[in-house]
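Engineer: Dropping the structure in here first, questions after.
Number of protein chains: 2
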Amino acid sequence: MASNLSTSEVEAALVGLPLWAHDASKPAISRSFKFKNFSEAFGFMTRVALAAEARDHHPDWSNSYNKVEISLSTHSAGGVTEKDVSLAAVIDKLAAS
Amino acid sequence: MASNLSTSEVEAALVGLPLWAHDASKPAISRSFKFKNFSEAFGFMTRVALAAEARDHHPDWSNSYNKVEISLSTHSAGGVTEKDVSLAAVIDKLAAS
Numbered sequence: 116m117a118s119n120l121s122t123s124e125v126e127a128a129l130v131g132l133p134l135w136a137h138d139a140s141k142p143a144i145s146r147s148f149k150f151k152n153f154s155e156a157f158g159f160m161t162r163v164a165l166a167a168e169a170r171d172h173h174p175d176w177s178n179s180y181n182k183v184e185i186s187l188s189t190h191s192a193g194g195v196t197e198k199d200v201s202l203a204a205v206i207d208k209l210a211a212s
Numbered sequence: 116m117a118s119n120l121s122t123s124e125v126e127a128a129l130v131g132l133p134l135w136a137h138d139a140s141k142p143a144i145s146r147s148f149k150f151k152n153f154s155e156a157f158g159f160m161t162r163v164a165l166a167a168e169a170r171d172h173h174p175d176w177s178n179s180y181n182k183v184e185i186s187l188s189t190h191s192a193g194g195v196t197e198k199d200v201s202l203a204a205v206i207d208k209l210a211a212s
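Chains as they are written, first to last, in my numbering: chain A, 116 to 212; chain B, 116 to 212.
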């Protein structure tokens, strides 16, 4: 099982993922995305869903038209783990492509 | 442009959609869904996304693993309109199928 990262470990990991924010009170890491329209936003979500399902690690997320908010935490560990940092990096690549 | 339904009109419409709740403070209508797993939940979301895009009327929604929360309102009208009631009925059919 993945183990929780400490606050300083999460913050060190986010140096390489500067668009993600760490909310230590949840705890989770989160990022907001904005697209041209719903089609672009949901297309992105579909690619993230496929990547998440392949890793058996899933986001908490919401969508309103062209906006997507993603929050990552490892529910079984009750915190942020390497799984979240790794999925965030994959999501960044999908968002940039 | 679709015009806002009054509270009593929304409540009358929801007689036929008993799993939807009316939050007059937002205002919006909302329903929660629970599936077997993420794959089932996101499969449902994809079908809803296609129906929403075809109607050019989109939900505000969130997903966490097997749970989906959908909120419908007509942003351009600032309230609940026939478009929302109609999309809610379509979503109910997709959830039941």
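Ideal placement from N, C-alpha and C gives every residue a C-beta, glycine not left out.
What residues in its chain sit with their C-beta under 7 Å from that of V183/B, if we drop five residues either side in the sequence?
Structural biologist: Answer for V183/B: F148, A156, F159, M160, W176, listed in chain order.
Engineer: Which partner residues does T189/B have in the DSSP bridge list?
Structural biologist: Partner(s): G194/B.
Engineer: F124/B CB to nearest chain A CB: under 8 Å?
Structural biologist: Residue identity check: residue 124/B is Glu in the sequence provided, not Phe. So, not an interface residue.
Engineer: Can you tell me whether DSSP reads A143/B as helix, strand or coil?
Structural biologist: The answer is strand: DSSP assigns A143/B an E or B state.
Engineer: So the alpha helix (DSSP H) S123/B belongs to, where does it begin and stop?
Structural biologist: It spans 122 to 129 - the alpha helix (DSSP H) in which S123/B sits, taken as one unbroken run.
Engineer: On the criterion of 16 or more Cβ atoms from any shown chain inside 10 Å, does A139/B qualify as buried, or is it exposed?
Structural biologist: Under this definition A139/B is an exposed residue.
Engineer: Name the DSSP bridge partner or partners of K151/B?
Structural biologist: Answer is none; K151/B lacks a bridge partner.
Engineer: Is the Cβ-Cβ distance between A143/B and S188/B less than 8 Å?
Structural biologist: In contact: A143/B and S188/B (Cβ atoms closer than 8 Å).
Engineer: Are the C-beta of S145/B and some C-beta of chain A separated by less than 8 Å?
Structural biologist: It does not: the Cβ of S145/B has no partner Cβ on chain A nearer than 8 Å.
Engineer: In terms of alpha-carbon separation, which member of L202/A, V205/A, S179/A lies closest to N152/A?
Structural biologist: The residue with the shortest Cα to Cα distance from N152/A is S179/A.
Engineer: Hey, quick one: how far does the beta strand (DSSP E) through H137/B stretch, first residue to last?
Structural biologist: H137/B -> beta strand (DSSP E) spans 136 to 138.
Engineer: Rounded to a whole number of angstroms, what is the C-alpha to C-alpha distance between V195/B and G131/B?
Structural biologist: Cα to Cα, V195/B sits roughly 16 Å from G131/B.
Engineer: If A166/A and V200/A are in contact, beta carbons under 8 Å, what's the gap, nearest whole angstrom?
Structural biologist: With a Cβ gap of about 14 Å, A166/A and V200/A do not count as contacting.
Engineer: Just the Cα atoms here: how many angstroms apart are S145/A and L209/A?
Structural biologist: When rounded, the distance between both Cα atoms is 15 Å.
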